[in-house]
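In my numbering, the protein residues as written are 1359 to 1542.
Glycine included, every Cβ here is placed at the ideal spot set by N, Cα and C.
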Amino acid sequence: MPIPDFQSIMLPLLKLLKNKEYYALSDVANKLAQDFNLNDSDLSELLPSGKQPKFRNRVGWARTYLKKAGLLEQPARGIMKITDKGLDVLEENPKKININFLQEFPEFIEFRTINKDSAKLEEEEIDREETPDELIDKGYNLIKADLGQEILHKLKDNTPAFFEKVVLDLLSSMGYGEGEVTGH
1359 MPIPDFQSIM LPLLKLLKNK EYYALSDVAN KLAQDFNLND SDLSELLPSG
1409 KQPKFRNRVG WARTYLKKAG LLEQPARGIM KITDKGLDVL EENPKKININ
1459 FLQEFPEFIE FRTINKDSAK LEEEEIDREE TPDELIDKGY NLIKADLGQE
1509 ILHKLKDNTP AFFEKVVLDL LSSMGYGEGE VTGH
């Protein structure tokens, strides 16, 4: 089964906390992984940065958004508990909780508008499936690939002597000593 997007995790996460107890983020992530029938391969899939498992990252972002809407609280690092407002939401029996649903809460709107410049960006964000970390990684990889292509293009469009000088500068910067441009 594919890893659910962070918005699809929000309602199951809130339901998991309905007994008003304190939960560690790691325990919640493990229980949600079982509920979503994720296998070891799914759970070991990393973000493009290679620094964090994708599913745990998405659970973390679902928690953050629910916290910003006031539906759960975080009394200590990595610990969470449902709030009375969160229980009220569960009593309404929503079919799903996503960014659009969270727009009903003034705390969430305030959180979202602190750093927002345009309504267009906000509309795009409501429909997205990636977490902010995934978007940063995707943007970084896009810039990195574009930069690589631009460098190759500039190297191919220049003279052999220019290429030779670039290679010698690179080798020198890497600590392989100084070279001499022959121009041939």
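Under the three-state reduction of DSSP output, residue 1498 falls in the helix class. For a cut-off of 8 Å, the C-beta gap from residue 1456 to residue 1532 is around 49 Å, too long to register as a contact.
Judged by beta-carbon spacing, residue 1438 lies beyond the 9 Å limit of residue 1528, meaning their Cβ atoms are not closer than that value. For the pair of segments examined, the stretch 1402-1413 was found not to touch the stretch 1424-1432: the number of CB pairs separated by less than 8 Å stays below three.
With distances taken between CA atoms, residue 1398 lies nearest to 1360 out of 1371, 1360, 1408, 1458. Residue environment: residue 1444 is assigned as buried (16 or more neighbouring CB atoms within 10 Å of its CB, all protein chains considered). Scanning its chain for C-beta atoms nearer than 6 Å, with the 5 sequence neighbours on each side dropped, one finds around residue 1363 the residues 1487, in chain order.
By the C-beta density criterion, residue 1446 is exposed, having fewer than 16 other C-beta atoms within 10 angstroms.
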